[in-house]
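Undergrad:
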Amino acid sequence: MNHAGAQSSLTKLAISATLHCLTGCAIGEVLGMIIGTALGWSNLSTIVLAVALAFVFGYAFTIRPVLKSGLPLRAAIGVAFAADTVSIAVMEIVDNGVMLAVPGAMEAGLGSWLFWGSLAFALAVAFVVTVPVNRWLISRGKGHAVVHQYHGGGPEGHHHH
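With the sequence shown counted from 1, adding 3 to any position gets you my numbering.
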C-alpha cells in the first residue's frame with residue numbers, strides 16, 4: 004500500500020471515528036440542552052448536564068461494538084475511555100464554546116431556530132476540529148485505533164453502523 008493510500012484511509016478512519024463519536028455526543032448534548040432548558044436551569048448547569056450526557060452516550064456508542072466482540076464490560080469501558088476521552092472532550096469544549104459564543108443561543112429556548120441552528124453549527128465546528136485530532140491519535144496507535152482491534156480486523160471490517 005503506498006503512502007498516499009495509507010494517508011487517505013487514515014483520514015477516512017478518523018472521519019468515521021469522529022462521526023461515531025459525534026453521534027453519541029450529539030444525542031447527549033441535545034438531550035442535556037433540552038432537559039436543562041426545559042427545567043429552566045442556568046447555562047452552567049445545562050452545559051454540565053449536556054457534557055455529562057455527551058460523555059455517557061459517546062462512550063456507550065463505542066462500548067457497544069466492543070462488547071459484541073466478546074470483551075468483558077470492564078475491558079470494554081477501558082477501551083472506550085482510551086479511545087474517546089480526548090475526542091469527546093475536544094468536541095464538548097468546542098461545541099459548548101460555540102454555544103456560549105453565539106449571542107443568545109443558550110437563552111433562545113427550544114422553539115427557536117437560533118438555538119437549533121447554533122447547536123447544529125456548534126456540532127459541525129466540533130466535527131471539523133475533532134477529525135484531525137482523531138486522525139493524529141489513530142496515526143499514533145491511540146484513540147479509535149484501539150477500538151479497531153476489536154472490530155474484526157482493519158477498516159474493511161468497520162461496518163457496525
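Glycine included, C-beta positions come from ideal geometry on N, C-alpha and C.
Here the structure is a predicted model, which is why all the values come from computation and not from measurement.
1. Once you ignore the five residues that flank PHE130 on each side, which residues in its own chain have a CB closer than 8 Å to its CB?
2. Which residues in the same chain have their Cβ closer than 6 Å to the Cβ of GLY35, if we skip the five residues on either side of it in sequence?
3. Residues in its own chain within less than 6 Å of THR133 by CB, not counting five upstream and five downstream?
4. In whole angstroms, what is the alpha-carbon distance linking LEU70 and GLY100?
5. Here's the rule I'm using: 16 or more other beta-carbon atoms within 10 Å means buried, otherwise exposed. How should ALA29 be labelled?
6. Taking DSSP as the reference, what is the three-state secondary structure of LEU47?
7. Give the single residue among TRP139, ALA41, VAL97 and ALA123 whose Cα lies nearest to the Cα of GLU110.
8. Measuring only the C-alpha atoms, how far is LEU47 from ALA9?
9. Buried or exposed: where does LEU113 fall if 16 or more other Cβ atoms within 10 Å of its Cβ makes it buried?
10. Measuring straight from C-alpha to C-alpha, what distance separates PHE84 and TYR62?
11. Shortest alpha-carbon distance to LEU103 belongs to which of ALA125, SER115, SER142 and VAL136?
12. Give the straight-line distance between the Cα atoms of THR88 and SER115, rounded to the nearest whole angstrom.
TA: The relevant details are as follows:
1. Translated into the one-based positions of the sequence shown, residue 130 becomes position 127. Taken in chain order, the residues that qualify are THR21, LEU22, LEU25 and MET94.
2. Position 32 of the sequence shown holds residue 35. Only LEU52, ALA53 and LEU56 meet the Cβ criterion.
3. Mapped onto the sequence shown, residue 133 falls at position 130. A distance below 6 Å between beta-carbons, with the five flanking residues on each side excluded, links THR133 to the following residues of its chain, in chain order: THR21, SER90, VAL93 and MET94.
4. Within the sequence shown, residue 70 is the residue found at index 67, counting from 1. Within the sequence shown, residue 100 is the residue found at index 97, counting from 1. Note on geometry: alpha-carbon atoms of LEU70 and GLY100 lie some 33 Å from one another.
5. Walking along the sequence shown from the start, residue 29 turns up at place 26. Under this definition ALA29 is a buried residue.
6. Position 44 of the sequence shown holds residue 47. Looking at LEU47 - three-state DSSP - the assignment turns out to be helix.
7. As a first step, residue 110 must be located in the sequence shown, where it is residue number 107. Comparing Cα positions, the closest option is ALA41.
8. Counted from its first residue, the sequence shown places residue 47 at position 44. Counted from its first residue, the sequence shown places residue 9 at position 6. Answer to the nearest angstrom: the Cα atoms are 42 Å apart.
9. Taking the sequence shown and counting its residues from 1, the one referred to as residue 113 is at position 110. Per the 10 Å Cβ criterion, exposed.
10. Looking up residue 84 in the sequence shown gives position 81. Looking up residue 62 in the sequence shown gives position 59. Near 7 Å, if we compare the C-alpha coordinates of TYR62 and PHE84.
11. Stepping through the sequence shown from its first residue, residue 103 is reached at position 100. Here the closest residue by C-alpha is ALA125.
12. Here residue 88 refers to the residue found at position 85 when the sequence shown is read from its first residue. Here residue 115 refers to the residue found at position 112 when the sequence shown is read from its first residue. Cα to Cα, THR88 sits roughly 31 Å from SER115.
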